[in-house]
Every structure is written in C-alpha cells, then in structure tokens.
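Encoded as structure tokens, the structure appears first; notes follow it.
There are 2 protein chains.
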Amino acid sequence: MKACGLVVEYNPFHNGHVLHARKSREKTGADIVVAVMSGPFLQRGEPAIVSKWTRAAMALQGGVDLVIELPYAFATQKAEIFARGSISLLEYLGCDSFCFGSEDGRIEPFITAHTVISDQSAPFDAAVKLAMDAGNSYPASAAKAYQAIIKNDGALDLTKPNNILGKEYVSAALTSGFSIRPYTIQRVAAGYHDTNLSDDSIASATGIRKAIQEQGESLDSVSSYVPKPTSSGLEQYVSNFRSLHDWEMYWPLLKYRILSSSLSELTAIYEIEEGIEHRIKQMAKATATFSQFMTALKTKRYTWTRLQRMCIHILTNTSKEQMTNTNLPSYIRLLGMNGRGREYLHTVKKDLPLPLISKLSSYQKQDIEMDIRAAQVYALGLSEPYQASLMKREYAAPIIIK
Amino acid sequence: MKACGLVVEYNPFHNGHVLHARKSREKTGADIVVAVMSGPFLQRGEPAIVSKWTRAAMALQGGVDLVIELPYAFATQKAEIFARGSISLLEYLGCDSFCFGSEDGRIEPFITAHTVISDQSAPFDAAVKLAMDAGNSYPASAAKAYQAIIKNDGALDLTKPNNILGKEYVSAALTSGFSIRPYTIQRVAAGYHDTNLSDDSIASATGIRKAIQEQGESLDSVSSYVPKPTSSGLEQYVSNFRSLHDWEMYWPLLKYRILSSSLSELTAIYEIEEGIEHRIKQMAKATATFSQFMTALKTKRYTWTRLQRMCIHILTNTSKEQMTNTNLPSYIRLLGMNGRGREYLHTVKKDLPLPLISKLSSYQKQDIEMDIRAAQVYALGLSEPYQASLMKREYAAPIIIK
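In order, the protein sequence lines correspond to chains A and B. For the first sequence, the positions run 20 to 421 when the numbering used here is used. For the second sequence, the positions run 20 to 421 when the numbering used here is used.
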C-alpha cells in the first residue's frame, strides 16, 4: 500500500482540505492518505477552536484515512522545527510521499530554494542578519535574503506563508536524506491569511474562524465552505462543551501566570529571550483582554505569531529545559483512522522505528508529558464539568470510523 | 502617648471587634489603639472577603486609630510565625502593650505556658512528636503534650484556638525580650469557629461570613452583628467590584497552577513537603470546585488550615526560597489612620527601626514583592475592569479618616 502524508492543522477542516486530500491522492497515486495534525495548540500560537479529536473525526469523514498527532514540542514552533517534526513522523510511518498546498504549485522551485540556501548558507545567513538588524522579523528577512541571492524571476516567493512552510517541508526531507518524496499542489482561491468569506466554496480556515466568531458561534454562514461533518462536528462541540476555544478564553490564566511569575521564571520559559519578559509583565499588568495585550506587546522585531507562541509556552509552562530534548519525535500518537487506515497501520506496524501510542494510559514515558499538559491546559479553558469530559476523551481509545 | 496594639484580620470587622478595641484601650490605659492586620490572604489560608483597604476603613470607623499591614510572609503562616511578625511590628511601632481576646481571659496562664514549654522544651517536643506520630495534627499534639507536662487543672487549655494564638503572642514578646506588655481579655459569647448567628449582637467572623455566603451577598441578616460602617463597606464593595472574595473565585487559577506545574515546581513551593505534591496533583485533576478539592485532599495528618495555606502559597507562587529571609519584618506598611493615629505616628516616626511605607510606589525593595504579588493575585479573582481598579488602590495613599 502506498501512502501519502499531509501536514495539517484542520482548524477547522474545510472544503479546501477535502480538495487537498483528494488531489494529493491523485497526484501521488497513493492508496491511503495520512495526516499529521497539530494537537490543542497551533503553529501560529493559538488554541484550536475545537479539540484534536473533533478535528480528526472531521478529517476522517472528508478523505483522510489515518490521523496522528504532531507533538506539542513541534506543533507550536517556527516553520523549521514544525516541518522537521511533521515530515519525520510521515517518514517513520512509511509514507512514500508528502504533498502540500503552496502559492507556487511547482515542486522544483522548492528544491532549488533548499539547495541554494544550503549551498550558500554563509552569505544567506549574513543577508538574513542584515535584514533582521534593520528591524525585520525572521520570515521577512529570510525572504529578502533569498531574493538577494537567487536573482531569478521564477524563483520561489518566500514572502508567501505556504511557500515558506513548503520550503521547510522539502528541506526537512532532503536534509535528513529521507526516502519520502515531496509534492506540491497549488492552493485554490483563498489565501492563507484571507479573513473574508468569498462567494465560492473555498475559504481559508482563518476566514471561517472569523465568520464563526463574528456570529457568536452561529454556524450558518460557514456551512457552504465546510463539509457537512465539519458543520455538525462544530455544532456538536458547542452542544457538548458549551463553547469553542479562542485565546480570550485563556486570558485570565495567562494573565495570572504572567503576573504571578518572577522575571527569572518567565525567562526560563521557551522562546522568552532578549529581555521581552519585562515587556510581557508590564503589558499584562496594563491590559484587560488578550487582544489588548497582544496589541500592546507587538513590536516590529517580533511577528504576531512568534509573540503568540511565546504566550502559549507561558500558558502551558513549557521551559527551555523541557524543549532541549526535542530534536526528533520519539513516539507516534494515533488520533483516529478508518478501515483503510487501520489496514495500512497493520502492514507497517512491525517496522515502525518509534512506539505507536493508541491509548495514553498505556504509555507513561516522560517525553509525552508536554502533550498531556497541553491537553490539560487546553481543557481548562472550558467550564466544569466540560473540562473533565474533555480530559476523559484524552485517555480514551482513538477514533475509529468505518 | 501610650499605644496598645491589636493583632487582627477583621474579616469583616464586627461588634466583637469594637468591644475588643474598646476594652483593650480601657484595660491598658492606652491613648491610641494600633491594629496590625493581615493583608489579602489570612492565617487560615483564605482570601479575605474584602480588600485590606475596605477592612482598614471599617476598623478606623470602629475604634482603631492606626492600621498597618502584616506582610504576607507572616500573615499566611502557622501561629508561631504569624505571632512573631505581628508582635514585632507592634514593638517596633513603639506600642507599650498588646491585648488579645482569649477563651481563658487571664494573662498569667499564658505566661506560665510560655515559661513551662521553654523550660521543658525537650520533654515537650518529645511528647509532641509522639502525638504527631500517632497521626495527630501539630496543634492537637501540642495541646496534648502541654497537658501531659503541666498536670494542673487551672492551666491554659491549648485546644482552644484563641488560647493557641495568644500563647504564641506572649511567647513572641517574651522570647525576644521586647518591652511590649501582654494583656488579654475574655472573648464574649461567640466561639472563634462558631458558624451560627445567635440572637445577641456578637457573632464570630466565621458565622458572619457564612451568613453572607448563604444569602448570596445580601447583607440583611448580618447587620445586627456588625457596626454600620461594616454593612455599608461590604455593600459598597459589592457595588464597586461586583463580588466579595472567596476561595471558589480562585479555584480556576489554583487548579490551572497545580495542573500546569511539574512535581518539582510544586515541591519548590513553601510548605509543600512530605510528598503531598502528588496528592495535590491527583486531587486537583479529579475535582471541579475548591470545596470538593479540599474535602478530597484532607487527611488526619494535616489540618484544614494548613492545607489551605499550602493552597495560598501555590496560588501566589511563593517558594521556600522566598520565605527564607522572613525571620522578622523589614518594613512597616501603613494602611490607614485617623487624626490620633497620625499624631501618634508623628511622635514615633523618627525612632522607627524600619522604613515606614505609606505609598507603595516610593518603596521598591525586593522584600515587599511578595506583598505586591499577593495583592495582584487577590485582584485577579475579580473580573475586569475591577481588577485594575483594585490594583490602582494598592498604589494609592493610605486611608485617612477624620
């Protein structure tokens, strides 16, 4: 059986994701599609609007055969580490290929970008440093540096968010000498960051979340952009847990954590560097909502995303020390599968280089503690008894769909 | 001017406290009455129902001339340390005497208890250890040990809560060779722990708080047990901040702190010892309210009060390390005064052995950080914008009453 891997967040799973899964299957000739999906907290430094279980179930009803979790140590990270964790897991699971959506749509410019940047790493790094010293964020600086070096009109545009991620996926595979082969398809219609819903059936997850938030959790306006299982999954979630998740829900906890921590405790948190702990304390004291806090905190030096990731690490109390042993994933956590996914897993099971965790309680090693803590903190955003029922789900068996 | 000191919590200030202040003044022949009052968190390990500012204002309208704050490092502590901090501050402020309410009512048995226990500390400690090894709490063990040693029918009954505290006040003064003289008056009517309101005008603070809680913050039933300024102070507080404070208000923060901390982080917290961090984590995971949590946590080994104090230290993130430098107070923080109090302060000001803090912003030393953090965490129990307005009060000038 040939498997194609997808790197996803599904926040929530929408029509664009259905297309991505179907086209990836076609393009790579795969028998099954495996998704490695972020857990409770996402790459942009945000809580997912619904739990990973609900998002996995949506995906399994929309063309994905097997869903595994990208551990917290890789999910809430800059593109390079996020990609390294994701692509490694797909390789370890025996996938022949992975396929990502990009603004570019051709795989060659990604391979070129990887090759050029690795071959000319000294001038590239120097150019990045120059741009950062001028006050640019890392992603903006990397894009400028690449343009300066490649001087080619058809080159990969590294200002585009999916191109950036794609380049890191390709680099992760090529740098490690993995046998998994990269593919890309062009993203349809909606841009990654588009916040408005248009009149066709594809919208970005950002736009869909915004529409949900603006309507106070009424899901009518998004139903034409998501498959039926997503609409009903979201509705079911609100009915089960009384709320979708967003950053404001965690603001009282984040503010409490910031104001009750010493500066040295804040500095021990992953990604807290360069004295930003002072600014974080000062702004948390002075603001009343997460949105006010972020607006007050933002400077040109840091992207919004990077600041939000710092906040997630503070919220989950993730230290620099805990993050030192996370070069590569050390387990594969199964979130859900359908019949084909199960069959595939059966064929690769004996050759897996990492332990496969299908039930949390059967795996007690220390390296999964960060995921359990993240799940626990994510659940604390809900009121009782919904916290408890979400945590119960965490210890139950994976989702099986016929 | 002769000053008499009182050690108080005023949670809230009631008719019994008016009597205490008046009788203390009479008995000691003092010109002014000084109260050293716990701040946001109390000796029993509970948040005060209203802020220290509101409680100080109530006291200044009920017979007290000057109110200073007992720092967090002494307020949320077992009787011995609580007493050492309080009596030291009264001595440093130049008080000639202090006067406490007790079940006993005579000062001699307190002095005898202090003398006997210091003189026979080896057999006393051995008897305490024996009783603790049999599974008793420290206070119960100390009472048993004293009875075993003194063998005297008229001896101080150390099973009574105010006698226990009183014994520690007296010991604090005598051990340090302070010039401040101890007095006691018998407590009238209500026992310290009584939870029911009786039909005369004296009720315990515990009973008054219970009546307030049971009526959902309606204050009608308590008005005959408290002076007018207390009723109106409580009403004003609810109107200003939308809520009185109780432990349940802090439960989401406490639960979050416990579940997002590692076992070693919990062990670093003051008073967390003997492996109780495991039990704390386990019970926090399994319970949905503070009351459920405490009931699940309670064992014969620990008093309810001691467990609650542990919870306060977890909530305020107070470490063993921070508590090492708290042998004696290092500042005197002024909460409020009337004209007489001001006059007294004027006469003693030049001889004070410690800095007098009347405005927080003018004193930036590290040793007051614990108090600021406690005030901040206390404020976080409120919703916004009330958090901010309570913290604004923290940085404002002391209360002045004509």
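C-beta: ideal position from N, C-alpha, C; glycine also.
Return the CA-CA distance between residue i and residue j, expressed in angstroms with no decimal places.
{"i": "I231(A)", "j": "P66(B)", "result": "39 Å"}
{"i": "T202(B)", "j": "P372(B)", "result": "The sequence shown places Tyr at residue 202(B), not Thr. Each residue's alpha carbon lies about 24 Å from the other."}
{"i": "Q205(B)", "j": "I183(B)", "result": "14 Å"}
{"i": "H297(B)", "j": "L282(B)", "result": "7 Å"}
{"i": "H306(A)", "j": "N155(A)", "result": "Sequence check: residue 306(A) is Thr here, not His. When rounded, the distance between both Cα atoms is 26 Å."}
{"i": "L85(B)", "j": "S107(B)", "result": "16 Å"}
{"i": "A78(B)", "j": "V69(B)", "result": "13 Å"}
{"i": "E254(A)", "j": "G64(A)", "result": "24 Å"}
{"i": "Q406(A)", "j": "L272(B)", "result": "14 Å"}
{"i": "M410(B)", "j": "Y397(B)", "result": "9 Å"}
{"i": "D219(B)", "j": "T286(B)", "result": "47 Å"}
{"i": "L354(B)", "j": "I418(B)", "result": "6 Å"}
{"i": "Y363(A)", "j": "F119(A)", "result": "21 Å"}
{"i": "A102(B)", "j": "L177(B)", "result": "16 Å"}
{"i": "N30(B)", "j": "T249(B)", "result": "10 Å"}
{"i": "K170(B)", "j": "E293(B)", "result": "34 Å"}
{"i": "S195(A)", "j": "Y321(B)", "result": "56 Å"}
{"i": "E233(B)", "j": "E28(B)", "result": "21 Å"}
{"i": "A146(A)", "j": "T308(B)", "result": "55 Å"}
{"i": "K46(A)", "j": "H39(A)", "result": "10 Å"}
{"i": "L112(B)", "j": "N346(B)", "result": "17 Å"}
{"i": "G228(B)", "j": "S377(A)", "result": "Here residue 228(B) is Arg; the residue named in the question, Gly, does not match the sequence. In a straight line, the C-alpha of R228(B) is about 50 Å away from that of S377(A)."}
Determine the chain B residues that contact residue i at a beta-carbon separation under 8 Å, and present them in chain order.
{"i": "R328(A)", "result": "The premise fails here: R328(A) is roughly 17 Å from chain B at the closest Cβ pair, so nothing lies under 8 Å."}
{"i": "T335(A)", "result": "S279"}
Who are the neighbours of residue i on chain B, taking C-beta pairs under 9 Å?
{"i": "P404(A)", "result": "A307"}
Give me the residue from the options with the minimum Cα distance to residue i.
{"i": "E99(B)", "options": "Y269(B), L272(B), P180(B)", "result": "P180(B)"}
{"i": "R325(B)", "options": "P158(B), M356(B), V396(B), A141(B)", "result": "P158(B)"}
{"i": "K442(B)", "options": "T308(B), A153(B), A132(B)", "result": "In this structure chain B extends from 20 to 421, so residue 442(B) is not present and cannot be described."}
{"i": "V367(A)", "options": "V55(A), S43(A), D115(A)", "result": "D115(A)"}
{"i": "L61(A)", "options": "F309(A), D265(A), L379(A), K317(A)", "result": "D265(A)"}
{"i": "A393(A)", "options": "S57(A), Y350(A), R44(A), S258(A)", "result": "S57(A)"}
{"i": "F32(B)", "options": "G400(B), T345(B), V245(B)", "result": "V245(B)"}
{"i": "H133(B)", "options": "A192(B), S279(B), T337(B)", "result": "A192(B)"}
{"i": "L401(A)", "options": "R359(A), S258(A), S310(A), L347(A)", "result": "S258(A)"}
{"i": "S43(B)", "options": "G82(B), L379(B), Q96(B)", "result": "G82(B)"}
{"i": "A415(A)", "options": "S380(A), A49(A), Y350(A)", "result": "S380(A)"}
{"i": "K339(B)", "options": "G124(B), Q301(B), K378(B), E284(B)", "result": "E284(B)"}
{"i": "N344(B)", "options": "A49(B), D144(B), D370(B), A92(B)", "result": "A92(B)"}
{"i": "I221(B)", "options": "A22(B), N34(B), C23(B)", "result": "N34(B)"}
{"i": "V37(B)", "options": "D50(B), F117(B), I87(B), K247(B)", "result": "K247(B)"}
{"i": "D370(A)", "options": "E110(A), A54(A), V26(A)", "result": "E110(A)"}
{"i": "P90(B)", "options": "K421(B), G360(B), R361(B), M342(B)", "result": "M342(B)"}
{"i": "E88(A)", "options": "S408(A), S349(A), Q383(A)", "result": "S349(A)"}
{"i": "Y289(A)", "options": "S251(A), C330(A), A174(A)", "result": "C330(A)"}
{"i": "Y188(B)", "options": "L149(B), I130(B), D390(B)", "result": "I130(B)"}
{"i": "G48(A)", "options": "K97(A), G104(A), F117(A), Q80(A)", "result": "F117(A)"}
{"i": "A141(B)", "options": "Y165(B), R125(B), Q395(B), Q96(B)", "result": "Y165(B)"}
{"i": "P59(A)", "options": "L263(A), I277(A), E127(A)", "result": "L263(A)"}
Original post:
Can you give, in chain order, each stretch of the alpha helix (DSSP H) that sits fully within the region 70 to 107 of chain A and has at least 4 residues?
Top reply: If we require 4 residues or more, the alpha helix (DSSP H) runs fully inside the region 70 to 107 of chain A come out as 71 to 79, 91 to 94.
**OP:** With 7 Å as the C-beta to C-beta threshold (strictly closer), list the residues of the region 380 to 411 of chain A near chain B in chain order.
**Re:** R392, Q395, V396, L399, E403, P404, A407
Subject >> Interfacial residues, the region 270 to 284 of chain B to chain A, with Cβ spacing under 9 Å >> reply: P271, L272, K274, Y275, R276, L278, S279, S280, S281, E284
**OP:** Quick one: which unbroken beta strand (DSSP E) runs of 3-plus residues sit fully inside the region 106 to 179 of chain B? Chain order, please.
**Re:** 116 to 121
**OP:** Report the residue ranges of all alpha helix (DSSP H) runs contained in full by the region 339 to 377 of chain A; include only those spanning at least 4 residues, in chain order.
**Re:** 358 to 367
Subject >> Inside the region 301 to 330 of chain B only - alpha helix (DSSP H) runs reaching at least 4 residues >> reply: 309 to 316
**OP:** Please specify which runs of the alpha helix (DSSP H), each continuous and at least 4 residues long, are wholly inside the region 229 to 278 of chain B, giving them in chain order.
**Re:** 247 to 260
Subject >> 4-residue-minimum alpha helix (DSSP H) runs that sit fully inside the region 374 to 402 of chain B, ordered along the chain >> reply: Fully enclosed alpha helix (DSSP H) runs of no fewer than 4 residues occupy 388 to 398 of the region 374 to 402 of chain B, in order along the chain.
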